[in-house]
Ligand SMILES: [Fe+2]
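In the numbering used here, the protein residues as written are 1245 to 1498.
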């Protein structure tokens, strides 16, 4: 089975369309999103409709939980830009779409093969940037989520592609950011975490839409960093009245 896995579309329709098109071209049979469908950019409703229309298996991220907070009259724990954008998403979504987003699960086991989390198996809001954070996450993954074979999960939240491996015999965690198209062959007995980056607000220093393709027959994971129509997405952010910084960062990939 070939899985197309992406994360953090964040209401960027052009970035999401590019990721879906790449999945289609590659022949992906199942699609997975690791959360944060809305927030930051101009097209929350269109992005919700696109993931639902393509039967994407979704979990919710902190921005979906932000919608829930707003609904409950609470201030989501976010910076000022993210807060302004999640208020925009809230206003642009109707009640049916909002309810669908907030009712998504925080984590999933897909086909008994791999887990999907937003931030980390340790906590949905936890960022994994450093090896020590990856080590904590592996401990949670291996202890709390019984391995179906390899312990394997896909995450997002940092908006940067990354690959981490844990060798239980040597008790060694290895890994790093993935900055270009790269394919990994998974070794038996090892545990893995792959961060799909973001198809809607990539922060690895390039204006791209990122995703991974997981081939469960050959046990390979391939990263794809794709060009997309960044200028169109930026123009829509500016026209929508969202903070101009959110358009700027799309062009910088930050
Ligand atoms: Fe995000």
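C-beta atoms are modelled at their ideal positions from N, C-alpha and C, and glycine is treated no differently. Source: prediction; values computed, not measured.
When the Cα atoms are used, what is the spatial distance from residue i to residue j?
{"i": "residue 1257", "j": "residue 1464", "result": "28 Å"}
{"i": "residue 1425", "j": "residue 1414", "result": "28 Å"}
{"i": "residue 1350", "j": "residue 1374", "result": "23 Å"}
{"i": "residue 1405", "j": "residue 1390", "result": "25 Å"}
{"i": "residue 1427", "j": "residue 1442", "result": "18 Å"}
{"i": "residue 1282", "j": "residue 1377", "result": "26 Å"}
{"i": "residue 1496", "j": "residue 1449", "result": "6 Å"}
{"i": "residue 1284", "j": "residue 1433", "result": "39 Å"}
{"i": "residue 1396", "j": "residue 1469", "result": "21 Å"}
{"i": "residue 1479", "j": "residue 1410", "result": "42 Å"}
{"i": "residue 1423", "j": "residue 1407", "result": "11 Å"}
{"i": "residue 1417", "j": "residue 1379", "result": "6 Å"}
{"i": "residue 1341", "j": "residue 1412", "result": "42 Å"}
{"i": "residue 1354", "j": "residue 1403", "result": "22 Å"}
Measuring only from the beta carbon, is residue i closer than 8 Å to any heavy atom that is part of ligand 1?
{"i": "residue 1252", "result": "yes"}
{"i": "residue 1312", "result": "no"}
{"i": "residue 1445", "result": "yes"}
{"i": "residue 1333", "result": "no"}
{"i": "residue 1285", "result": "no"}
{"i": "residue 1453", "result": "no"}
{"i": "residue 1369", "result": "no"}
{"i": "residue 1256", "result": "no"}
{"i": "residue 1439", "result": "no"}
How would you call residue i, buried or exposed, if buried means at least 16 neighbouring beta carbons within 10 angstroms?
{"i": "residue 1324", "result": "exposed"}
{"i": "residue 1435", "result": "buried"}
{"i": "residue 1268", "result": "exposed"}
{"i": "residue 1266", "result": "buried"}
{"i": "residue 1307", "result": "buried"}
{"i": "residue 1264", "result": "buried"}
{"i": "residue 1462", "result": "exposed"}
Can the beta-carbon of residue i be found closer than 9 Å to that of residue j?
{"i": "residue 1301", "j": "residue 1438", "result": "no"}
{"i": "residue 1288", "j": "residue 1337", "result": "yes"}
{"i": "residue 1452", "j": "residue 1398", "result": "no"}
{"i": "residue 1309", "j": "residue 1368", "result": "yes"}
{"i": "residue 1327", "j": "residue 1291", "result": "no"}
Item to check | Complete beta strand (DSSP E) runs within the segment 1386–1456 (minimum length 3 residues, chain order) | outcome: 1396–1399, 1405–1411, 1416–1421, 1427–1429 and 1435–1440
Checklist entry - Could you give the uninterrupted runs of the beta strand (DSSP E) lying entirely in the segment 1270–1358, keeping only those of 3 residues or more? => result 1274–1277 and 1351–1354
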